[in-house]
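>
Numbering (full-length UniProt numbering), first residue to last: 1 to 212.
Printed below as a string of structure tokens:
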């Protein structure tokens with residue numbers, strides 16, 4: 001498992017090879033074993049393999065080629081619809097009408113998503129999270145016919161890699177870990193923590209592309 005975690009990289013080019021049904025099912029089963037608030041599993045994973053439907057989803061993700069090319073697209077949703085329906089059918093008040101429900105459901109959903117990705121990578125699959133989901137949640141909801149109470153949070157494209165990109169850099173551990181209490185950063189510490197990233201070719205490329 002350590003080798004899987006420490007070799008993670010985002011894959012954006014995929015072979016057209018379909019994912020075997022049993023492999024996909026194992027990945028989905030792994031997702032359901034993630035920690036969940038009160039064992040309510042306030043999430044749904046919408047698995048899209050149909051090429052025509054992936055084509056309809058593509059504009060929702062700014063027409064990134066991987067949405068059409070990856071054999072499988074998984075839309076990860078916060079979902080209180082199912083739990084609320086269960087409560088109502090038993091004359092109970094689900095009380096999911098506030099921001100708290102969304103935080104619980106979003107946490108459940110993203111934990112499940114990461115379990116899915118780790119299991120997928122252990123099978124030799126590549127994955128990439130799509131941050132575009134939150135910008136076009138309404139359009140995605142229409143394409144996937146999501147009912148009220150189901151909100152798309154992120155999307156995962158998954159398939160067999162057709163590229164081997166290098167590992168992306170990470171901030172040093174000291175940047176993100178605080179022992180006992182939060183310790184704020186001095187200006188000098190911020191400069192030191194970000195120095196290596198600012199000098200990387202990738203950062204320079206992004207700055208140039210954005211005119212900065």
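Each residue gets a CB set at the ideal place from its N, CA and C atoms; glycine is no exception.
1) Going by CA-CA distance only, name the one from 81, 127, 168 that's closest to residue 105.
2) Quick one, are the C-beta atoms of residue 74 and residue 156 less than 8 Å apart?
3) In terms of DSSP beta bridges, what is residue 154 paired with?
4) Reducing DSSP to helix, strand and coil, say where residue 48 ends up.
5) Which two residues bound the contiguous alpha helix (DSSP H) that contains residue 232?
6) What residue range is occupied by the uninterrupted alpha helix (DSSP H) comprising residue 28?
7) Check residue 59 in the structure and name its three-state DSSP category.
8) Distance check for residue 91 and residue 122, CA to CA, integer angstroms please.
9) Check each candidate in 186, 172, 162, 59 and name the one with the smallest Cα separation from residue 17.
10) Assuming residue 112 and residue 175 make a contact with CB atoms under 8 Å, what is their CB distance in whole Å?
11) On the DSSP bridge list, what partners appear for residue 11?
12) By a C-beta neighbour count over all protein chains shown, 10 Å radius and 16 as the cutoff for buried, is residue 11 buried or exposed?
13) Does DSSP put residue 65 in a helix, in a strand, or in coil?
14) Using the beta-carbon count (16 or more within 10 Å), is residue 30 buried or exposed?
15) Confirm, please, whether the CB-CB distance from residue 46 to residue 77 is below 8 Å.
16) Would you identify the three-state DSSP class for residue 160, choosing helix, strand or coil?
Result, derived from the coordinates:
1) 81
2) yes
3) 76
4) strand
5) As displayed, the chain neither begins before 1 nor continues past 212, which places residue 232 out of reach and without an answer.
6) 21-32
7) helix
8) 43 Å
9) 162
10) Not confirmed; about 27 Å, so no contact.
11) DSSP output for residue 11 lists no bridge partner at all.
12) buried
13) helix
14) buried
15) yes
16) coil
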